[in-house]
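In what follows, a single structure is set out as structure tokens and then discussed.
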Amino acid sequence: MSKTVSMALVRDQKTIGPLVKLLTLEAPEIAKNARPGQFVHLRVNDGPAPLLRRPLSLAGADAGQGTLTLIYRIVGQGTALLARLKTGDRVDCMGPLGAGFDLDCERPLLVGGGMGLAPLLYLAGALCPRPVAVLMGGRSQEELFWQGLFAEACRHIHITTDDGSLGRRGVTLDLLPELLAGGEFDRVAACGPRLMLEGAGRLAARHKIACQVSLEDYMACGVGACLSCTCAGADGRRRKVCADGPVFWAGEVFAL
Amino acid sequence: MSKTVSMALVRDQKTIGPLVKLLTLEAPEIAKNARPGQFVHLRVNDGPAPLLRRPLSLAGADAGQGTLTLIYRIVGQGTALLARLKTGDRVDCMGPLGAGFDLDCERPLLVGGGMGLAPLLYLAGALCPRPVAVLMGGRSQEELFWQGLFAEACRHIHITTDDGSLGRRGVTLDLLPELLAGGEFDRVAACGPRLMLEGAGRLAARHKIACQVSLEDYMACGVGACLSCTCAGADGRRRKVCADGPVFWAGEVFAL
Amino acid sequence: MMLNVDLAGIPMKTPVMTASGTFGFGPEYADFVDLNRLGAIVVKGTTLKPRPGNDGRRIAETPAGMLNAIGLENPGVDEFLAHTLPKLQGIDTPVIVNISGNTVEEYGELAARLDVSGVAGIEINISCPNVKEGGIAFGTSCASAAAVVKAVKGNTAKPVITKLSPNVTDIAEMARAVEAAGTDAISLINTLLGMAIDIHSWRPVLGNVVGGLSGPAVKPVAVRMVWQVARAVRCPVIGMGGIMTARDAVEFLLAGASAVAVGTANFVNPRAGVEVAEGIRDYLAEKGLTHVRQLIGRVNDFTGR
Amino acid sequence: MMLNVDLAGIPMKTPVMTASGTFGFGPEYADFVDLNRLGAIVVKGTTLKPRPGNDGRRIAETPAGMLNAIGLENPGVDEFLAHTLPKLQGIDTPVIVNISGNTVEEYGELAARLDVSGVAGIEINISCPNVKEGGIAFGTSCASAAAVVKAVKGNTAKPVITKLSPNVTDIAEMARAVEAAGTDAISLINTLLGMAIDIHSWRPVLGNVVGGLSGPAVKPVAVRMVWQVARAVRCPVIGMGGIMTARDAVEFLLAGASAVAVGTANFVNPRAGVEVAEGIRDYLAEKGLTHVRQLIGRVNDFTGR
Ligand SMILES: Cc1cc2nc3c(=O)[nH]c(=O)nc-3n(C[C@H](O)[C@H](O)[C@H](O)COP(=O)(O)OP(=O)(O)OC[C@H]3O[C@@H](n4cnc5c(N)ncnc54)[C@H](O)[C@@H]3O)c2cc1C
Ligand SMILES: Cc1cc2nc3c(=O)[nH]c(=O)nc-3n(C[C@H](O)[C@H](O)[C@H](O)COP(=O)(O)OP(=O)(O)OC[C@H]3O[C@@H](n4cnc5c(N)ncnc54)[C@H](O)[C@@H]3O)c2cc1C
Ligand SMILES: Cc1cc2nc3c(=O)[nH]c(=O)nc-3n(C[C@H](O)[C@H](O)[C@H](O)COP(=O)(O)O)c2cc1C
Ligand SMILES: Cc1cc2nc3c(=O)[nH]c(=O)nc-3n(C[C@H](O)[C@H](O)[C@H](O)COP(=O)(O)O)c2cc1C
Ligand code: FES
Ligand code: FES
Chain A
1 MSKTVSMALV RDQKTIGPLV KLLTLEAPEI AKNARPGQFV HLRVNDGPAP LLRRPLSLAG
61 ADAGQGTLTL IYRIVGQGTA LLARLKTGDR VDCMGPLGAG FDLDCERPLL VGGGMGLAPL
121 LYLAGALCPR PVAVLMGGRS QEELFWQGLF AEACRHIHIT TDDGSLGRRG VTLDLLPELL
181 AGGEFDRVAA CGPRLMLEGA GRLAARHKIA CQVSLEDYMA CGVGACLSCT CAGADGRRRK
241 VCADGPVFWA GEVFAL
Chain B
257 MSKTVSMALV RDQKTIGPLV KLLTLEAPEI AKNARPGQFV HLRVNDGPAP LLRRPLSLAG
317 ADAGQGTLTL IYRIVGQGTA LLARLKTGDR VDCMGPLGAG FDLDCERPLL VGGGMGLAPL
377 LYLAGALCPR PVAVLMGGRS QEELFWQGLF AEACRHIHIT TDDGSLGRRG VTLDLLPELL
437 AGGEFDRVAA CGPRLMLEGA GRLAARHKIA CQVSLEDYMA CGVGACLSCT CAGADGRRRK
497 VCADGPVFWA GEVFAL
Chain C
513 MMLNVDLAGI PMKTPVMTAS GTFGFGPEYA DFVDLNRLGA IVVKGTTLKP RPGNDGRRIA
573 ETPAGMLNAI GLENPGVDEF LAHTLPKLQG IDTPVIVNIS GNTVEEYGEL AARLDVSGVA
633 GIEINISCPN VKEGGIAFGT SCASAAAVVK AVKGNTAKPV ITKLSPNVTD IAEMARAVEA
693 AGTDAISLIN TLLGMAIDIH SWRPVLGNVV GGLSGPAVKP VAVRMVWQVA RAVRCPVIGM
753 GGIMTARDAV EFLLAGASAV AVGTANFVNP RAGVEVAEGI RDYLAEKGLT HVRQLIGRVN
813 DFTGR
Chain D
818 MMLNVDLAGI PMKTPVMTAS GTFGFGPEYA DFVDLNRLGA IVVKGTTLKP RPGNDGRRIA
878 ETPAGMLNAI GLENPGVDEF LAHTLPKLQG IDTPVIVNIS GNTVEEYGEL AARLDVSGVA
938 GIEINISCPN VKEGGIAFGT SCASAAAVVK AVKGNTAKPV ITKLSPNVTD IAEMARAVEA
998 AGTDAISLIN TLLGMAIDIH SWRPVLGNVV GGLSGPAVKP VAVRMVWQVA RAVRCPVIGM
1058 GGIMTARDAV EFLLAGASAV AVGTANFVNP RAGVEVAEGI RDYLAEKGLT HVRQLIGRVN
1118 DFTGR
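Protein chains in written order, with my numbering: chain A, 1 to 256; chain B, 257 to 512; chain C, 513 to 817; chain D, 818 to 1122.
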């Protein structure tokens, strides 16, 4: 469970979707201790600008190989700098950080939107060979390169796209009630936009299915020291997304 | 004579001495207008840190090829970033800036210390096939890779090193009186540490030889707009090293 | 897309000016940028007598910024009127003269001397951190700032801009004081007072010991102060401090600036003044807006104070 | 090479502390750094009652810096004494508690409550820019700052450090006022008040509208203020603001700081506190010096003022 900061070796980096990169790092200490739902905090630069580290979820970790998989979208200057990394480069990597997903379930449904699918990929692998189903949402079929990534670990893949170009037209929350109504799941694990998480938490509660959600917030330290990322818990107490989360039981952070 | 700012193409970069790089850029507009003694002002980064451009003398310019040669020593973060440039990269290059050397002479002696030899290399090439002599000073023989660079354009190469490992032991100013006493030169052109320039100016004046010196100062704009780099002229009026210089008649900037 | 603004009576083609001390008198940059496409050129600080400026090193680079301690080197107002101003006549862009005095009277005299054609306005520098007398002293007390403004207003018919120092506890109070004294516009920020020490020689890096910090590093402070001042006064505000791109400029406009100035950015990108204006135009187009004034102060729709 | 310093009665193994609000209570960083190798740990600002902090986004990255508007989220002094402090007992490093009150009396009460074993000293925060009442208001007036210091000194036997706000016209005057009121040491700088605006939503980026600027961007301002303060008072000064490396720390020591604190750097490099101390030791060795005190204020050998 111990966290380290080290110069990870870039094994490989490739483009897997529009502005989406898959980065494989060699960081044995981190890989050894990692669990699905945790994240790493990366320096993107050695100068003072951009100054802060960037948090990225683990999309996979292989303790044997000592490797980590990250999947990220280029959205700003930090991710643009990360995208320049090439095999053989080094990158300052801190982790594994945060609390991961609870794995104590039998028939899980993973619900992810956009880049929220990254930590769920790692989770799916860890839950396999249990029968894992995933519900993935994206803007259009272009974004659903995820399908291929999840194919190995998941028995059922359900898809929605905003424009209907792949799977059901709509958003994950449109399809979720149907899936839960079937009564086949004993766990929901969700990652994506806040509204989606809240909705998933509510639907799961209605079906009495335990639900975990992975939150996101702007982070400086990533270890619970700066209080940049705290959110109000359902009980009024504040939670640190970086240290108490990013994965929470839905009822802990949403009034369901 | 017009100055431009453009994205120069890196043709080649190689190491030619301890921490010394030779960078060849393709920048046809600048090459066309350049003269020995002028410099370019380079962005080393696209972010805000390091913020300012770095001034580097032209060590050569080939109007036909459209290329510039720069020779610089890695001394800090800006030059370290420049040293990463590879063939095919682009670098934001402003120039040619400043006033160059006067070429109206017949038997010039060029006097340079350390990286001050860079602009003199361009000057030597421009003065050739006139009989050009050069007096070069360095810390030890390691630094006198310059010898090879000057061999083509110069008839006589005189060398001093601080440790005597090559040429005469001492500094350029120790050998200069002898050379000037010979009476064979009608021009001294010097670039290097301030004390050397002042000494050269004085010795040349004593022998009634016209002397030009190339100064250096911390620069922001490089075009005479910010007044970062001004120095007191011998007449009390201030001169802008970047725009009125960097090359001055010695009597203009030193009380001889 | 309309970029033109009327700044306290100075008509400008774009809201992007050059900041005093960072663009010389203009011609220094003519090879790189069409001076006619700038909103206004604010020339280097001018004093009654010529000044040689500070000795020793005058600039130092800092993280995302720079320190300068030029010390108001300038040829003096006589030389400016006799030789520099005539050279600027060909440029179809307002020329604003930034002035500095050692006494209130000197400011008045400078204003009187500069009340000539070819000068579009006066910017009062009561905030130069790099000179011993006057300078910043006027900029840190409401009473003396107001006295300077009155002296200048009493001696010129030109629009008067007062440039504030950020090195104060309450910038809004300073702004109200100079507005009450009659300034037609306020510009800010001048540089933050800073220092750098050479850890090898143990000496201050700058000949003047301390200097003024400018560049991207100071932008958050500048945006905050522009916001505070724009809410405190009715006269137009010119925002500056670390503007490198149109995005930065838009932040200042949203904060309440009616125009902006580009300073340190000129050293990095000599075309900054024009590129920032072009970028603002593109931004307006992207947002479906027709005039830059639609941006001014709009953050206040959301600040709820 | 001796790095140890006695800071107004607080014995520290190195002159490098962690800055309040940037290192939690310490254990958060225990996986990365040996807490016993820090000079002192200054814990997050503590208030009498628990505080939830500000709503909305709390940080924004800026060029070479960051803005924060945490708003003093903390569990309150009771919780601190009951649960947090006991957990710090195993650490052989002085723990200094940073306190914030809404009134002068609250500061006094906090000091009294914290006058317990395990607390090595009190740091008075009169400079938090992110809370509505108290906070920075105390830090911008000499009289109220002095009142706070007196209230705290009257209620504790511990060494008292007063942390100054940089958002003032005359930092030396503030320093003299808190020294006269009895503070044992002065720390500076807290953050510079700044603002960022989202140019797409037109909203302030931070939930609190304005926030505090920290990081390398502010270092020149911090060095200048430390220099000014160290010349104005006799009590020791703790310098901070943008320290990332030992070179930065040495600048502060040369400027007159007796110790330094590492803040924002912890976020970037969790080992910063220890690495800066190691770097200072190497620097002393390189310069042939035997004790860090040989550096303190040495820039004054050259400032000639
Ligand atoms: C725990 C956690 C896990 C994440 N996992 C992934 C992932 O697996 N794949 C992925 O593509 N993205 C992920 N993100 C979002 C990712 O951190 C941001 O997209 C990234 O930091 C953007 O940096 P930038 O410099 O490119 O963008 P800029 O907008 O230039 O960043 C400016 C600042 O804002 C912060 N920031 C910007 N967007 C976000 C955001 N959405 N969340 C948090 N901070 C942000 C940056 O870290 C930086 O400090 C995760 C975020 C968190 C908090
Ligand atoms: C007109 C001119 C021509 C030059 N030509 C050459 C050349 O041909 N080859 C060469 O090796 N060097 C040359 N120099 C010096 C060169 O500019 C500096 O070595 C370089 O800027 C150092 O940058 P840095 O970021 O690596 O060092 P840093 O020390 O990190 O630089 C910090 C800041 O100081 C400035 N600076 C540092 N050293 C100098 C210096 N000696 N002169 C001026 N500014 C400095 C930098 O530009 C930068 O703004 C020239 C300088 C001038 C003024
Ligand atoms: C080298 C330099 C010289 C300056 N000279 C003056 C001056 O003479 N008068 C003045 O009012 N401001 C002067 N300034 C301040 C700028 O006009 C501007 O207010 C400040 O630099 C902030 O803007 P920036 O961050 O865009 O540079 C100077 C700034 C620099 C960097
Ligand atoms: C996220 C954050 C929280 C902070 N919280 C406090 C605080 O509670 N009390 C305080 O006195 N200073 C607080 N500060 C200010 C720092 O202690 C320090 O004075 C300032 O950040 C400058 O140092 P730096 O540039 O090294 O960060 C905080 C700073 C940051 C970045
Ligand atoms: S990011 Fe610092 S507490 Fe969460
Ligand atoms: S560098 Fe700006 S005037 Fe010379």
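Ideal Cβ placement from N, Cα and C applies to all residues, glycine included.
- Under the DSSP assignment, D1118/D falls in the alpha helix (DSSP H) whose first and last residues are 1117-1120.
- In the displayed model, H803/C falls within a strand according to three-state DSSP.
- For T230/A, the chain D residues whose Cβ falls inside 9 Å of its Cβ are P869, G870, R875, I887, E890, in order along the chain.
- If you draw a straight line from the Cα of L180/A to the Cα of G137/A, it comes to about 16 Å.
- Any Cβ of chain B closer than 7 Å to the Cβ of E798/C would place that residue at the interface, and such an atom is absent.
- Taking the Cβ of Q38/A as the reference point, every heavy atom of ligand 1 lies at 6 Å or farther away.
- Considering only R569/C, I522/C, P716/C, V680/C, the residue with the shortest C-alpha distance to V609/C is I522/C.
- Not flagged as an interface residue toward chain C: A1047/D, since no C-beta distance is shorter than 7 Å.
- Ranked by how close their Cα comes to the Cα of K830/D, the residues L889/D, P911/D, V1054/D have P911/D in first place.
- Segment contact: the stretch 867-878 of chain D against the stretch 828-848 of chain D, fewer than three CB-CB distances shorter than 8 Å; contact not assigned.
- Distances between the C-beta of K861/D and the heavy atoms of ligand 4 include at least one below 6 Å.
- Cβ-Cβ separation between T863/D and I916/D: approximately 5 Å, consistent with a contact (criterion under 8 Å).
- The beta carbon of L593/C sits closer than 8 Å to those of R625, L626, V628, all from its chain and outside the five residues before and after it, given in chain order.
- Taking a C-beta cut-off of 8 Å against chain A, the contacting residues of the stretch 303-324 of chain B are G303, P304, A305, P306, listed in chain order.
- Comparing alpha-carbon positions, the option among G426/B, T416/B, Y378/B lying closest to C410/B turns out to be Y378/B.
- Straight across, the Cα-Cα distance linking F510/B with R443/B is about 17 Å.
- Near ligand 6, meaning a beta-carbon closer than 7 Å to one of its heavy atoms, we find M475/B, A476/B, C477/B, G478/B, V479/B, G480/B, A481/B, C482/B, L483/B, S484/B, C485/B, T486/B, K496/B, V497/B, C498/B, A499/B.
- Shown in chain order are the members of the stretch 1003-1019 of chain D whose Cβ falls below 9 Å from a Cβ of chain C: L1009, L1010, G1011, M1012, A1013, I1014, D1015, I1016, H1017, S1018, W1019.
- With a cutoff of 6 Å, Y328/B counts as near ligand 2, since its C-beta is closer than that to a heavy atom of the ligand.
- By the Cβ-count criterion, V75/A is exposed, with fewer than 16 other Cβ atoms from all chains shown falling within 10 Å of its own Cβ.
- The continuous stretches of beta strand (DSSP E) do not include M737/C, which lies in the alpha helix (DSSP H) extending over residues 731-744.
- Counting C-beta atoms within 10 angstroms of its own C-beta, H297/B has 16 or more neighbours from the protein chains shown and is therefore classed as buried.
- Not flagged as an interface residue toward chain D: F650/C, since no C-beta distance is shorter than 7 Å.
- Contact check for F101/A against P193/A fails: the beta carbons are separated by 7 Å or more.
- A distance of 7 Å or more separates the beta carbons of G222/A and L256/A.
- Residue-level contact check: F814/C touches chain D, since one or more beta carbons of chain D fall below 7 Å from its beta carbon.
- Assignment of beta-bridge partners to Q468/B by DSSP yields A445/B, W505/B.
- DSSP places F537/C in the coil class of the three-state scheme, outside both helix and strand.
- The Cβ atoms of A576/C and L308/B lie no closer than 7 Å to each other.
- Against A476/B, the close residues of chain C are I571, M578, F779, in the order they occur along the chain (beta-carbon pairs closer than 7 Å).
- Annotation: R450/B is outside any beta strand (DSSP E); the continuous alpha helix (DSSP H) that includes it extends over 450-462.
- Listed in chain order, the positions of the stretch 259-273 of chain B with a beta carbon within less than 8 Å of a beta carbon of chain C are K259, T260, V261.
- Apart from the 5 residues on each side of it in sequence, L1070/D sits with its Cβ closer than 6 Å to the Cβ of L1112, I1113 in its chain, given in chain order.
- Taking 7 Å as the threshold, the shortest C-beta distance from A80/A to chain D does not fall below it.
- Taking C-beta atoms under 8 Å as the contact rule, E26/A and R43/A fail to qualify, at a distance of about 16 Å.
- In the DSSP secondary-structure assignment, T161/A is bridged to G138/A, R169/A.
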